Structures are given as C-alpha cells and as structure tokens.
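Colleague:
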Amino acid sequence: MQLEIHGLDLEVKKGLLLLRDINIGVGKGEIVCVIGNNGAGKSSLLRTISGFMKPVRGEILLQGKRITGLPPATIARLGVAHVPEGRRVFAKETVKDNLILGAYHRWWKERRKVMKESDDMLKKYPIISRLSSRYGGSLSGGEQQFLAILRGLIMPPVVLLLDEPSLGLAPLIVKEVFEMITECKKSLDLSIILVEQMAYQALNIADRGYVLERGAIIAEGTGKELLNSPSIRKSYLGSVYHPSSDVLPSAN
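Those letters in the sequence shown? Residues 462 to 713, per my numbering, in order.
1) Using C-beta distances below 6 Å, list every residue in its chain close to Gly603, excluding the 5 sequence neighbours before and after it, in chain order.
2) Taking the C-alpha atoms as reference points, what is the distance between Asp598 and Pro691?
3) Taking the Cβ atom as the reference point for each residue, do Pro516 and Asp581 lie within a distance shorter than 7 Å?
4) Taking only the alpha-carbon atoms, compute the straight-line gap between Glu637 and Leu600 and give it to the nearest angstrom.
5) What do you get for Leu523, buried or exposed, if any count of 16 or more other CB atoms within 10 angstroms of its CB means buried?
6) On the DSSP bridge assignment, give the partners of Tyr784 in chain order.
7) Three Cβ pairs or more, each shorter than 8 Å: is that satisfied between the segment 533–542 and the segment 618–627?
8) Could you check the C-alpha separation between Ser627 and Trp568 for me, to the nearest Å?
9) Where does Tyr702 fall in DSSP's three states?
10) Over the uninterrupted alpha helix (DSSP H) stretch that includes Ile589, give me the two end residues.
11) Looking at Ile588 and Ile521, is the spacing between their C-beta atoms short of 7 Å?
12) Which residues in the same chain have their Cβ closer than 6 Å to the Cβ of Gly490, if we skip the five residues on either side of it in sequence?
13) Please list the terminal residues of the continuous alpha helix (DSSP H) segment that includes Ser504.
14) Using a 10 Å radius around the Cβ and a threshold of 16 neighbouring Cβ atoms, would you call Thr535 buried or exposed?
15) With a CB to CB cut of under 8 Å and the five nearest residues on each side skipped, what residues in its chain are close to Ser700?
16) Any heavy atom of the ligand MG closer than 6 Å to the beta-carbon of Lys474?
So this is what it looks like as structure tokens:
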C-alpha cells in the first residue's frame, strides 16, 4: 500500500470526535474515492493526511513510513500532494510561476529540471499552456482547477489528494477534469484519494471507494459495488444514477 490509515480519530474539541476509527488503504496506481454528505469529515480527512490537522489516535503510513503528526511541509516533501477545495492558486503569480511553486522544495537543487518539467507539463495540456503568462487570479474556475492539479503533479507526488475538484464547475469542465484525473492515474501510475460530492462521477472512475457519514466509514467496496448498492444509490446518488451512462471514463 502507498498510503495506509489505521484507527484514526480526529478531535474537533475535547471529547467531540470529527473522525472516528478511520481505516483506509490506497494501493499503487489506485483511485480511491471518499464520498459523503456535507459535514461528514471528508475534507478534514485529507487535511489530517497532509498534516494540517493532528489526530488524537491512530497512525498514517506513507510507503510503510509513519507520517502521523509531521509538519505539512515535511509530508509534502515525502510525496503527499494536496490539491485543496477551492483551488487556491496564487492570484498575483503567473500560471507558469504557480506551476513552478508546486516544486518549491527542489527548486534550489534542480532548477533546470523543474523548468523543463514545467514546460513539458504545459505542452501536454494546451488548455493551460496558452495561458502561461496570465495571472492565476484571471483564470476561470475550470482553468484554475487544471492548474491546481498540475501544481500538485509537479512535486512529483507518491499520493495525490484531490478535494472536491468539481466544485463550482460547469458540467463539460467537470467531465474534462475527471478525464484528466483518470489519465493521470493511467499514465503516471499514480495513487489518488478523491474526495467528491458528485458521487456518481467519483465512483465511476474509482477502483475503490469509502462512504463517510458523521465522521465514520459506513460502507466500502469497489467503485462498481458501491454504484450498484441500493442503499448507496438511494442516499448518495439519487436521480443522477444512470447504470448505462457512458458520460465519464471508467478507471476499472
């Protein structure tokens, strides 16, 4: 496993747990999605993995090494890239500089390599390449989301954490973002944890998934198993569930 979480508890205030006994594993080259309603603890889970929140119990292992409680910068250097909810690009920096900042930890030793990688990455994604001299704050929501993902990829990561990448985007852009996520998994053999409220889209590209409710995992299985679960369909998919739909690519 690239990432393992065992018996994780997160306390929001003394005696009140936000996450309870979380056990999750992510294998190499897997997309694992976490779905759940607002307030279930999905974003807090990612923030705990990346070190911004400190658990009161349990452990997090990255490639077998314990990273629980380490500072966020250290966890990032070890290979955990966190693309947060809301993109959070640097509004007053150019697209190119935003991208390079994703590799800040190796800039001084590998400057030329980072520059080449950023150029190669921009060439691979024309939607961003044509905007390389624009400021981050001038981009549309979809363009910012692509940039935020690329900024995470240039680290380069062992595990990529994606928090609500579809948030606030038009349906066509959502489709393109999910296609990008699937392509990253296949071409980079990358391990991805995807937190997403668009449950059908997330499960459709996921190898495995977990359902989080009130801070606890109440169901888990392959993406297909959760898509076909009557209780999951009723509670989390609703009218968007179309078993014969080919709207998005499948990772399986």
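The C-beta atom is built at its ideal place from N, Cα and C for all residues, glycine as well. Predicted, not measured: the structure shown is a model, and the values here were computed from it.
Modeller: Reading from the atomic positions:
1) Along the sequence shown, read from residue 1 onward, the residue named residue 603 stands at position 142. Around Gly603: Leu630, Ile634.
2) Numbered from 1 along the sequence shown, position 137 holds the residue referred to as residue 598. Numbered from 1 along the sequence shown, position 230 holds the residue referred to as residue 691. A quick correction: the sequence has Gly, not Asp, at residue 598. Each residue's alpha carbon lies about 43 Å from the other.
3) For the purposes of this step, residue 516 is taken as the residue at position 55 of the sequence shown. For the purposes of this step, residue 581 is taken as the residue at position 120 of the sequence shown. Cβ atoms of Pro516 and Asp581: not closer than 7 Å.
4) Walking along the sequence shown from the start, residue 637 turns up at place 176. Walking along the sequence shown from the start, residue 600 turns up at place 139. Looking at the two C-alpha atoms, the distance is approximately 16 Å.
5) Counting from one through the sequence shown, the residue named residue 523 turns up at place 62. Buried is the call here.
6) Shown here, the chain extends from 462 to 713; a query on residue 784 therefore has no answer.
7) yes
8) As a first step, residue 627 must be located in the sequence shown, where it is residue number 166. As a first step, residue 568 must be located in the sequence shown, where it is residue number 107. Whole-angstrom Cα-Cα distance: 30 Å.
9) Here the question's residue 702 lines up with position 241 in the sequence shown. Only weak support is given to the placement of Tyr702: the predicted model assigns it a pLDDT of 46, under 50, and the value that follows is read from those uncertain coordinates. The answer is coil: DSSP assigns Tyr702 none of H, G, I, E or B.
10) Here residue 589 is taken as the residue at index 128 of the sequence shown, counted from 1. 587–590 is the extent of the alpha helix (DSSP H) around Ile589.
11) The residue labelled residue 521 in the question sits at position 60 within the sequence shown. The residue labelled residue 588 in the question sits at position 127 within the sequence shown. Taking 7 Å as the Cβ cut-off, Ile521 and Ile588 do not qualify as a contacting pair.
12) Against the sequence shown, residue 490 aligns to sequence position 29. Excluding positions up to five away in sequence, the list reads Asp650.
13) What you label residue 504 is simply residue 43 of the sequence shown in a count that begins at 1. Here the alpha helix (DSSP H) through Ser504 covers 503–510.
14) For this step, residue 535 is matched to residue 74 along the sequence shown. That one is exposed.
15) Here residue 700 is taken as the residue at index 239 of the sequence shown, counted from 1. The predicted position of Ser700 is uncertain, since its pLDDT is 48 and thus under 50; a value taken from the coordinates is nonetheless stated next. Cβ within range, chain order: n/a, list empty.
16) Absent from the structure shown: the ligand MG. Ligands present: none.
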